[in-house]
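Q: Numbering (UniProt numbering), first residue to last: 1 to 618.
Got a structure here, written out as structure tokens. Questions coming.
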């Protein structure tokens, strides 16, 4: 029966004259049991007794130093090693190197290595591990090649370290060569080596190879399962990650915290809230506490899928939550238009003395802009003034929010306190805001001010200018801005700018010219341009061009429900009932998606066709 260190200590203390062997046995017992403090005390007592420590003693005491991470104690031991003439002993030096590597003292570890007369495979393995762990992956690969040139045969530890270096730098070709050497040495069945191979292929996005390694393993441990799940989720293969998670449970391996976090993240990306709830439940039943990382993942999962009550429950049940967790909750509220709750959470954060990230304020302001929720925008403006420094980025977001909510007065008032100078982002926001509000006079005033301050416009600004011209129906100015992009500022118009000109041409009645521009532009026309033209055709009752535009849209997306609805409306307005019936049949065959608002296009078409009493639906 194995003796406990305490029992063994009592027996050793009864000895009147302890030998180096008894001291070594006692130190080894405490070191093996993880009692580093007792190990250090015994080492001091042994030194005081006048006995010189040998190799075994130093190996025990260095192991204790690694256990507690005591750099100062380890350096004292290193001094004793030199003092006792063991600084050339290979085993002691390897342990010293391991100590320095594990305490991130790479320079000291390399000094020990350089003093070795004949480093063995263990020495090289520790060197490679130290270089790889500290980000010197290419140096680790060089050391691996040097080791082989010395005629040393790599062991499983060396292979694991060099594969880790390959994973860090994404050098998968080098990793494949090492994999081939592993196969030739017959180490592919070693779990540690196989797990490192699995991780290397996964990090390098070779998921197929990673799966081959995984399924070729004799026995997969928790590390194997967590690695394959994490790498699949990392590269967007969320369904595959969840499949592996289910199989892990089938082989009766209980997932650790890291695996659960990976699986929960996969649930978020895959939109699988049901499985996410099951995971949360199993986590609670397994007695795993909700720490900061796990809690943030759960809040993000529930919040992303609109389960705000469950997200709030997790947040409130967390013992330790930080600005990131609260920020995720606020972002979820904004995403699902619960602006009152978002502002309330911000107020609570401020009351708790938490540091509110600027991005949280800007996120709510952008949400208010999209929803036209000016009341909550004003509440947030008040909190901003009281709590944080309102810098240029925040002011730009405020200007944008007020303009898009229809309050140009407040937008201009905020901009009066702004000294933008040549801050192009500010002018981009202000022009876009005026364009959104239909204030072409405001756009012109911005241009005059910019010209006086020698501010050069960028692509975003030109897009705002063209949008303003479309809203105001000013054709000549729009064409001038479009030409000025290339001629005066060397900015090649992109597809968004071309679509704006198409929209502008349509608004002033030049629909044939708009079609010609779409067919001659240096890009393949997208849905936006053709949908814009189709809308103009409805206003102008141009059936022929409407049909051509519709055909172009269907060519790009046969399931675009909005185009079917718009074309049906055109036929209904023109009392072209047979054509309306035909497009309805085509709509049914296309299996369109459900549009925003929750009304199926077919229901809309049914209402249109009710204009004829003799039209029957089967």
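Where a beta carbon is used, it is the ideal one built from N, C-alpha and C, also for glycine.
Apply the 10 Å Cβ neighbour rule to residue 164 and answer buried if 16 or more other Cβ atoms are within range, or exposed otherwise.
A: It counts as buried.
Q: Using the C-alpha atoms, what's the distance from residue 140 back to residue 131?
A: Straight-line Cα distance between these residues: approximately 5 Å.
Q: Could you say which of 260, 501, 489 and 520 lies nearest to residue 476 if we only look at CA atoms?
A: Of the candidates 260, 501, 489 and 520, the one whose C-alpha sits nearest the C-alpha of residue 476 is 501.
Q: Note down, in chain order, each residue of its chain lying with its Cβ closer than 6 Å to the Cβ of residue 202, except the 5 sequence neighbours on either side.
A: Within the same chain, residue 202 has close Cβ partners 210 and 231.
Q: Alpha carbon to alpha carbon, how far is residue 221 from residue 207? Give it in angstroms, no decimals.
A: If I take the Cα positions, the gap works out to 19 Å.
Q: For residue 158, which of helix, strand or coil comes out of DSSP?
A: The answer is helix: DSSP assigns residue 158 an H, G or I state.
Q: Could you tell me whether any non-hydrogen atom of the ligand SAM is closer than 7 Å to the CB of residue 365?
A: For the ligand SAM, the structure offers nothing, since it holds no ligand at all.
Q: Counting Cβ pairs closer than 8 Å, one from the stretch 443–454 and one from the stretch 490–508, do we hit at least three?
A: The answer is no - the stretch 490–508 does not touch the stretch 443–454, with fewer than three Cβ pairs under 8 Å.
Q: Whole angstroms are fine: how far does the CA of residue 126 sit from the CA of residue 178?
A: Cα to Cα, residue 178 sits roughly 17 Å from residue 126.
Q: Have a look at 169, 159, 167 and 174 and flag the residue whose alpha-carbon is nearest the alpha-carbon of residue 188.
A: Nearest of 169, 159, 167 and 174 to residue 188, Cα basis: 159.
Q: If you draw a straight line from the C-alpha of residue 242 to the C-alpha of residue 162, how long is it?
A: Between residue 242 and residue 162, the C-alpha separation is close to 30 Å.
Q: Going by beta carbon distance, what residues of the same chain come within less than 8 Å of residue 92, once the five residues before and after it are set aside?
A: Cβ within range, chain order: 55, 58, 59, 62, 81 and 86.
Q: Given a cut-off of 8 Å, decide if residue 261 and residue 294 are closer than it, judged by their beta-carbon atoms.
A: For residue 294 and residue 261, yes; Cβs fall inside 8 Å.
Q: By how many angstroms is the C-alpha of residue 316 removed from the C-alpha of residue 497?
A: Cα-Cα distance, rounded: 48 Å.
Q: Just to check my reading of the structure: residue 325 and residue 356 have Cβ atoms closer than 8 Å, yes? What is that Cβ distance to the nearest angstrom?
A: Contact flag wrong, Cβ pair sits at about 13 Å.
Q: Shortest alpha-carbon distance to residue 471 belongs to which of 448, 441 and 323?
A: Here the closest residue by C-alpha is 441.
Q: Does the beta carbon of residue 181 sit closer than 8 Å to a beta carbon anywhere in chain C?
A: No chain C appears in the structure shown, which is made up of a single protein chain.
Q: Anyone know if the C-beta pair for residue 265 and residue 297 falls short of 8 Å?
A: A contact, by the Cβ cut-off of 8 Å.
Q: Taking the alpha carbon of residue 408 as the point to measure from, which residue in 391, 425, 433 and 428 has its own alpha carbon closest?
A: For the residues 391, 425, 433 and 428, the minimum Cα distance to residue 408 belongs to 433.
Q: Under DSSP, the alpha helix (DSSP H) around residue 112 begins and ends at which residues?
A: Element bounds for residue 112: 106–114.
Q: What separation, rounded to the nearest whole angstrom, lies between the Cα atoms of residue 319 and residue 402?
A: If you take the alpha carbons of residue 319 and residue 402, they lie about 38 Å apart.
Q: Using 10 angstroms around the beta-carbon of residue 511, count the other beta-carbons present and answer buried if the total reaches 16, otherwise exposed.
A: That one is buried.
Q: Rounded to the nearest angstrom, what separates residue 45 and residue 106 at their Cα positions?
A: Those two C-alpha atoms are separated by around 31 Å.
Q: Please classify residue 424: does DSSP put it in a helix, a strand, or coil?
A: If DSSP states are grouped into helix, strand and coil, residue 424 belongs with the helices.
Q: With burial defined as no fewer than 16 other Cβ atoms inside 10 Å of the residue's Cβ, what is the status of residue 196: buried or exposed?
A: Looking at its Cβ environment, which holds 16 or more other Cβ atoms inside 10 Å, residue 196 is buried.
Q: Below 8 Å on the Cβ atoms is my contact criterion, and I expect residue 382 with residue 339 to pass it. Report the Cβ-Cβ distance as a whole number of Å.
A: The pair is not a contact, with the Cβ atoms about 14 Å apart (cut-off 8 Å).
Q: Quick one: measure Cβ to Cβ for residue 534 and residue 520, integer angstroms, because I've assumed they're closer than 8 Å.
A: Actually they do not touch by this definition, with Cβ atoms about 19 Å apart.
Q: Buried or exposed: where does residue 522 fall if 16 or more other Cβ atoms within 10 Å of its Cβ makes it buried?
A: It is exposed - the Cβ of residue 522 has fewer than 16 other Cβ atoms within 10 Å.
Q: Could you check the C-alpha separation between residue 354 and residue 395 for me, to the nearest Å?
A: When rounded, the distance between both Cα atoms is 22 Å.
Q: Which of the three DSSP states, helix, strand or coil, is assigned to residue 254?
A: Here residue 254 sits in coil by DSSP.
Q: Taking the CB atoms as reference points, tell me whether residue 514 and residue 527 lie closer together than 8 Å.
A: No, these two residues do not count as a Cβ contact at 8 Å.
Q: Quick one: what does DSSP say residue 269 is sitting in, helix, strand or coil?
A: Reduced to three states, the DSSP call for residue 269 is helix.
Q: Whose C-beta lies closer than 7 Å to the C-beta of residue 479 among residues of the same chain, with five residues either side of it excluded?
A: Correct list: empty, nothing qualifies.
Q: Rounded C-beta distance between residue 109 and residue 95? I'm assuming under 8 Å.
A: Wrong, their Cβ atoms sit about 11 Å apart, outside the cutoff.
Q: Can you find the residues in the same chain that come closer than 6 Å, C-beta to C-beta, to residue 292, ignoring five residues on each side of it along the sequence?
A: Only 320 meet the Cβ criterion.
Q: Given residue 100, which residues of its chain have a CB within under 6 Å of its CB, disregarding the five upstream and five downstream residues?
A: Once the five neighbours on either side are set aside, the close Cβ partners of residue 100 are 108 and 109.
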